[in-house]
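Just below is one structure, and these are the notes that go with it.
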Amino acid sequence: MQVPAQLFYSWHGYAMSSSHSSDRARQVLAAIFDSAVDGIVVIDAQGLIEAFNPAAERLFGYSEREVIGQNVKMLMPAPYRHEHDGYLERYRQTGEARIIGIGREVQGLRRDGTVFPLHLSVGEMAVDGERQYTGILHDLSARVTLESRLRASEERWRSIIESAVDAIIVIDARGIVEAFNPGAERLFGYRESEIVGRNVSALMPSPYREEHDGYLSRYLTTGDAKIIGIGREVAGRRADGSLFPLHLSVGEMLLGGERKFTGILHDLSSRVEMEAQLREQAALVRLGEMAAVIAHEVKNPLAGIRGAVQVIGGRLAKDSREAAVIGEILSRIDTLNALIQDLLVFARPPQPKPAPVDVSPLLLGTVELLGSDPALSGVRIDVVGSAPPLAADAELLKIVFVNLLVNSAHAMRGEGRIQVSIGVANGSCRVAVADAGPGISPEIREKIFTPFFTTKSRGTGLGLPTAKRLIEAHHGTIHIDCPPGGGTTVTVQLPLATARSSGAVLESI
Amino acid sequence: MTDRHLRILVVEDEALIRWSIAETLGQEGHTVMEADDAASAVRALEDADGDIDVVLLDYRLPDSNDLGLLANVRRLRPRSAVVMMTAYGTPEVTEGALALGAYRVVGKPFDMHGLGSLVAAAHDARGR
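Now the structure itself:
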């Protein structure tokens with residue numbers, strides 16, 4: 016509001032009673048001045064305050080009387096306070112206006128010392144040849160508070176989205192990616208800049224990749240939602256082409272009149288892996304229960320058959336053909352029993368009883384035991400190296416090493432040399448059993464720890480799974496390598512006994 | 018190895034095992050009594066005239082599936098040697114049986130040829 020000089024005069028009748036203005040106009044102007052919501056402050060060319068309306072009193076907390084004749088800079092915080100006289104001086108000399116005739120956001124200083132934002136517009140006038148300036152001041156405290164709240168809120172949302180563990184992806188109605196948060200970058204292995212602007216189908220495997228545009232357009236035309244508003248498990252495709260399971264929930268929003276879709280994606284890889292492990296565990300528990308039944312229902316009658324056949328066979332003439340047949344029957348029964356015994360050892364949850372075990376003598380003893388097995392008579396087994404004692408169950412470890420050595424011997428068709436190396440690596444005892452057999456193809460190596468998988472014509476397929484189960488019950492690991500030089504090396508790693516852990520290193524599974 | 022003629026109780030529900038044991042030990046000159054469940058075993062132990070030198074005891078019977086029967090045998094006939102037989106012997110069962118005073122726990126099936134010497138050894142161990 017620009018106040019014409021003549022009218023301004025009439026406000027201040029006390030200072031400059033004018034015979035040119037009517038009483039009526041004076042009253043109107045005085046009422047405007049007093050009732051204005053915005054502050055009105057009039058200063059002279061030196062910056063001294065000439066008028067200060069009630070709104071300005073409310074704004075600054077000063078009464079009119081306290082400020083009239085004072086320099087207006089008292090209403091400004093540093094550094095403007097110290098610069099204001101200079102501004103006025105410069106304007107007078109150069110005519111270069113910073114605020115006059117323009118208006119801008121500035122800061123005000125209240126009587127109580129608090130600083131607040133305000134919009135100031137200044138008009139210039141000449142009264143009796145003297146320059147005066149009229150400032151209209153609009154309080155911005157409320158607007159600035161709202162803006163800073165909005166800014167804080169936006170920052171909060173931004174940091175939530177940036178820091179989210181889950182991936183957040185925004186697409187438009189055509190499926191073009193508009194936002195791709197750091198969680199999404201981690202999940203898919205793409206940089207935001209690589210994927211924004213591309214079709215989101217790039218993150219999907221076939222056939223969804225080809226069908227996604229169709230899903231979207233169908234949804235937009237029919238409203239028939241398959242995922243939007245629902246969420247489900249889908250497959251994702253990383254930048255390197257690998258696939259992984261994820262849970263996808265999609266929300267729809269209207270942004271500036273445009274439909275957008277926000278997808279929140281949660282990686283399920285570890286959960287799916289864990290589920291597989293749990294399934295395997297559950298299968299082992301069932302197998303254990305089954306084995307207990309088989310033990311009684313098969314081994315008991317088998318014992319009866321074996322005993323009775325042996326008694327009857329004992330009554331036959333020693334050199335008779337029948338006596339030889341009885342011998343064959345007994346050996347078949349023993350083979351059957353050994354198979355069931357293998358199954359029991361595998362299926363029964365291993366409960367290691369840890370005690371200090373010296374691996375080197377244990378292995379030498381195992382090798383000696385196998386020396387009496389005619390199937391291994393053509394095999395030479397060398398044991399080299401040593402390691403500090405383990406906290407382990409010697410009986411269970413013997414089963415492991417017998418299984419590994421017998422496997423190696425079979426792989427070499429009972430002829431050749433097996434090297435057993437004992438050592439320490441990464442705080443673990445490392446036992447490597449290396450044979451000079453034909454090696455194992457990668458496809459077979461993948462399945463080699465699967466129960467009942469066998470390549471032998473007469474194997475149970477339980478030797479390596481049992482070894483693995485027993486080693487894992489000792490918190491150890493087992494893996495198989497086929498070095499380029501040929502043969503197969505099975506490496507077992509078992510935690511070494513430490514003073515702290517020797518009592519607790521083992522627990523049943 | 019004093020008395021080669023022993024009085025032996027076989028407690029076993031599988032008839033073929035019972036028969037095989039009775040035949041094998043009978044041929045070696047021992048007297049074999051038979052029981053096919055826990056109840057008849059207890060009756061035999063309570064009623065038998067004279068000593069029972071060795072009890073061959075199945076772990077799992079129609080009316081018994083724990084070490085309670087072994088404890089009962091030990092209480093009724095403290096001087097009898099006991100050999101446990103089991104088709105599914107866990108280490109816990111074996112330890113428990115030995116702690117209760119069983120001479121040995123053998124896994125089924127077992128070879129009949131060694132049975133005579135096993136029974137004699139069990140009896141000798143108790144005699145000491």
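As you go down the protein sequences, you meet chains A and B in turn.
So the first sequence is numbered by my numbering: it starts at 16 and just counts up by one.
So the second sequence is numbered by my numbering: it starts at 18 and just counts up by one.
Note that the Cβ used here is the ideal one computed from N, Cα and C, for glycine as well.
- Not flagged as an interface residue toward chain A: Tyr120/B, since no C-beta distance is shorter than 8 Å.
- Contact annotation: in the stretch 35-46 of chain B, residues whose CB is within less than 9 Å of a CB in chain A are Arg35, Trp36, Ser37, Ile38, Glu40, Thr41, Gln44.
- With at least 16 other beta carbons inside 10 angstroms of its own, Gln147/A counts as buried.
- Contact between Ile183/A and Asn196/A holds: CB atoms are separated by about 4 Å, below the 8 Å threshold.
- When the beta-carbon positions are compared, Ala402/A and Pro369/A stay at least 8 Å from each other.
- At a cut-off of 8 Å between beta-carbon atoms, Lys314/A makes contact with chain B.
- Across the structure, Ile486/A and Leu412/A are spaced so that their CA atoms are roughly 8 Å apart.
- Against chain A, a Cβ distance below 7 Å from Leu33/B picks out Gly319, Ile320, Gly322, Ala323.
- If you ignore the 5 residues before and after Pro404/A, its C-beta comes within less than 7 Å of the C-beta of Pro371, Val372, Asp373, Ala512, all in its own chain and listed in chain order.
- Around the beta carbon of Gln325/A, a 10 Å sphere encloses 16 or more other beta carbons of the protein chains shown; the residue is thus reported as buried.
- Leu263/A places its beta carbon 8 Å or farther from that of Asp282/A.
- Contact annotation: Ala40/A and Gly54/A have beta-carbon atoms that are not nearer than 8 Å.
- Identification of residues in the stretch 294-307 of chain A having a C-beta nearer than 9 Å to some C-beta of chain B yields Ala306, Ala307, given in sequence order.
- Taking a C-beta cut-off of 8 Å against chain A, none of the residues of the stretch 52-64 of chain B qualify.
- In the DSSP assignment, Met268/A falls outside any alpha helix (DSSP H) and lies within the beta strand (DSSP E) extending over 258-270.
- Beyond the five residues adjoining it in sequence on each side, Gly150/A comes within less than 6 Å, by CB distance, of Val56, Leu135, Val137 in the same chain, given in chain order.
- The beta carbon of Gly442/A is closer than 8 Å to those of Pro510, Leu511 in its chain, skipping five residues each way along the sequence.
- Residue-level contact check: Val326/A touches chain B, since one or more beta carbons of chain B fall below 8 Å from its beta carbon.
- Ala407/A is bridged by DSSP to Ala370/A.
- Note on the stretch 438-513 of chain A: whole alpha helix (DSSP H) runs with a minimum of 4 residues are 457-462, 478-488, in chain order.
- For Ala116/B, not one C-beta of chain A is nearer than 8 Å to its own C-beta.
- With 16 or more neighbouring CB atoms inside 10 Å of its own CB, Thr503/A falls in the buried class.
- Between Leu33/B and Ile320/A, the C-beta gap is smaller than 8 Å, which places the two residues in contact.
- Contact between the stretch 200-217 of chain A and the stretch 291-309 of chain A is absent: fewer than three C-beta pairs spanning the two stretches fall below 8 Å.
- Close CB contacts of Ala56/B within its chain, under the 8 Å cut and outside five residues either way in sequence, are with Asp80 (chain order).
- Per DSSP, the continuous alpha helix (DSSP H) segment holding Asp64/B begins and ends at 55-64.
- Secondary structure at Asp49/A: helix, using DSSP grouped into helix, strand and coil.
- Here Asn214/A is bridged, per DSSP, to Ile191/A.
- Of all C-beta pairs linking the stretch 425-433 of chain A to the stretch 447-456 of chain A, three or more are shorter than 8 Å, placing the two stretches in contact.
- Contact with chain B is absent for His489/A, since none of that chain's Cβ atoms lies less than 8 Å from the residue's Cβ.
- In this structure, DSSP gives Gln85/A a state outside helix and strand, which the three-state scheme calls coil.
- Three or more beta-carbon pairs separated by less than 8 Å are not found between the stretch 95-107 of chain A and the stretch 152-163 of chain A, which leaves the two stretches without contact.
- Boundaries of the beta strand (DSSP E) around Phe131/A: 130-142.
- Linking Ala199/A to Glu312/A through their CA atoms gives a straight-line distance of about 56 Å.
- In this chain, the beta strand (DSSP E) harbouring Arg395/A covers 394-400.
- His153/A is bridged by DSSP to His134/A.
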